[in-house]
Amino acid sequence: MAEPEPMEEATVREPLDLIRLSLDERIYVKLRGEREIRGRLHAYDQHLNMILGDVEETMTTVEIDDETYEEIIKTQKRTIPFLFVRGDGVILISPPLRS
Amino acid sequence: MLFYSYFKTLVGKEVTVELKNDLAITGVLHSVDQYLNIKLTSTRVVDEAKYPHMMSVRNCFIRGSVVRYVHLPPGSVDVEILHDATRREAKGG
Amino acid sequence: MAAPLPLGGGAPPPQPGPLGPPQLDYPPPGTALVEELDKKLLIQLRDGRKIIGVLRSFDQFANLVLEEAVERIIVGARYSDVPLGMYLLRGENLVLMGQLDPNHEAPPGMEAVSEAAIREALRAEREEARIKGTMRGRFDFLELE
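Protein chains in written order, with the UniProt record's numbering: chain A, 1 to 99; chain B, 1 to 93; chain C, 1 to 145.
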């Protein structure tokens, strides 16, 4: 028979506990290569590999104008229904804001 | 082993693998191993003009470490099963 | 004499199964490339180079031994396959590898040229990029005035 779980469910003892509490919540992920994504967290593992749903990705690129040689900062957005994200590209994860 | 097990359920389905060098390849998932190396068949490159050498190959082995994203077919994502599997894995399963 | 087999050869094909508790039916490590043995492959490296060769051996890191290796250099619509010999590639540098279509080994619609011609084309391409870079550098300098 399963014992009732002690208080551990809602406490944060180690970094990955923060993600455990974000399962099925919308999170923000900053990735290498000037990419950011927002999406609902459906799965993760200890490497921070993840599956996110209803993903919005924002990519920032700097282009040089051929004529004026000015730097043009562009942001591109796209949406993806379900996305596997490999953990080695993750810089930070932020859980949803709680009121 | 969570993602290895999950990817095995996608064998035979079409996925798009986006690499860290921005190359994106669509193909049928043929196999995956425990390093998340991926084999695709019937491949096509999203931006073929930029990667002409890829026109000579129709299947490929992608080293897991160079993958940035895998776009998953919406019909093969059961979020309840993923949540349960993730909770089990987090408990040290 | 039997041909040497890679470690863990002869693994059963991976079986798709439902997500569940940890499964133990995965193949032994490093067997993913058995089907590619003795095939002519195109390998893309992390620095963008493309190597073609016949796969003779591999291990769990995807270190590869290639026989009759060539580097395929493509500039615009021209290409050249430059002979390299027997190569051992370190797995870390590998991005992807695919079997060459035996009927279409050459990139379609491209003209095969000599190694000297492709090196010259490569040099011209780099020079053009460099000039673009310096033009921009000069402009930045003028802006400071």
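Even glycine gets a Cβ: it sits at the ideal position worked out from N, Cα and C.
Residue i at chain A interface by Cβ criterion, 8 angstroms
{"i": "A85/B", "result": "yes"}
{"i": "E89/B", "result": "yes"}
8 angstroms Cβ cutoff, residue i in contact with chain B
{"i": "V29/A", "result": "no"}
{"i": "L37/C", "result": "no"}
{"i": "E105/C", "result": "yes"}
{"i": "P21/C", "result": "Residue confidence for P21/C is low, a pLDDT of 48 falling below 50, so the modelled location carries little weight; the figure read from the coordinates is stated next. Yes, P21/C counts as interfacial toward chain B."}
{"i": "A112/C", "result": "no"}
{"i": "residue 170/A", "result": "Examination of residue 170/A is not possible in this model, given that chain A is present from 1 through 99 alone."}
{"i": "L23/A", "result": "yes"}
{"i": "R86/A", "result": "yes"}
{"i": "P96/A", "result": "no"}
{"i": "R20/A", "result": "yes"}
Cβ neighbours of residue i in the same chain (closer than 7 angstroms, five flanking residues each side left out)
{"i": "E67/C", "result": "G53, V54, R56, M86"}
{"i": "R78/A", "result": "E57"}
{"i": "R86/A", "result": "N49"}
{"i": "D23/A", "result": "Correcting the residue identity first, residue 23/A is Leu in this sequence and not Asp. Only L41 meet the Cβ criterion."}
is_contact[residue i, chain C] using C-beta, thresh 8 angstroms
{"i": "D47/B", "result": "no"}
Contact set for residue i: own chain, Cβ-Cβ below 6 angstroms, skip 5 residues either direction
{"i": "R45/B", "result": "As written in the sequence, residue 45/B is Val, which differs from the Arg given in the question. Hits under 6 angstroms: I25, Y51, M54."}
{"i": "M97/C", "result": "L41, I43"}
{"i": "P22/C", "result": "Summary for P22/C: the model assigns pLDDT 48, below 50, so the residue's position carries little reliability, and this model does not support an answer."}
{"i": "M59/A", "result": "R35, Q76"}
Under the three-state DSSP convention, the category residue i falls into
{"i": "E18/B", "result": "strand"}
{"i": "N59/B", "result": "strand"}
{"i": "T11/A", "result": "coil"}
{"i": "K50/B", "result": "helix"}
{"i": "K74/A", "result": "strand"}
{"i": "K13/B", "result": "coil"}
{"i": "R38/A", "result": "strand"}
{"i": "S31/B", "result": "strand"}
{"i": "A24/B", "result": "strand"}
{"i": "L21/A", "result": "coil"}
{"i": "V66/B", "result": "helix"}
Heavy atom of the ligand SAM within 7 angstroms of residue i beta-carbon
{"i": "L42/C", "result": "Among the ligands in the structure shown, none appear at all, so the ligand SAM cannot be discussed."}
Beta-carbon contacts of residue i that lie in its chain and below 8 angstroms, excluding the five residues immediately before and after
{"i": "V66/B", "result": "L19, K20, N21"}
Residues that residue i bridges to, as DSSP identifies them
{"i": "D81/C", "result": "R72/C"}
{"i": "Y6/B", "result": "For Y6/B, which the question treats as bridged, DSSP gives no partner whatsoever."}
{"i": "Y28/A", "result": "R38/A, S94/A"}
{"i": "G53/A", "result": "R40/A, F82/A"}
{"i": "F58/C", "result": "L64/C"}
Give the residues from the segment 57 to 76 of chain B that approach chain D closer than 9 angstroms (Cβ to any Cβ), ordered along the chain.
No chain D appears in this structure, whose protein chains are A, B and C.
Beta carbons nearer than 7 angstroms to chain A: which residues of the segment 22 to 46 of chain B have them?
If the cut-off is 7 angstroms between Cβ atoms, the segment 22 to 46 of chain B has nothing near chain A.
Taking beta-carbon pairs under 7 angstroms, can you tell me which members of the segment 46 to 76 of chain C lie near chain B?
So the close ones are K50, A62, R72, I74.
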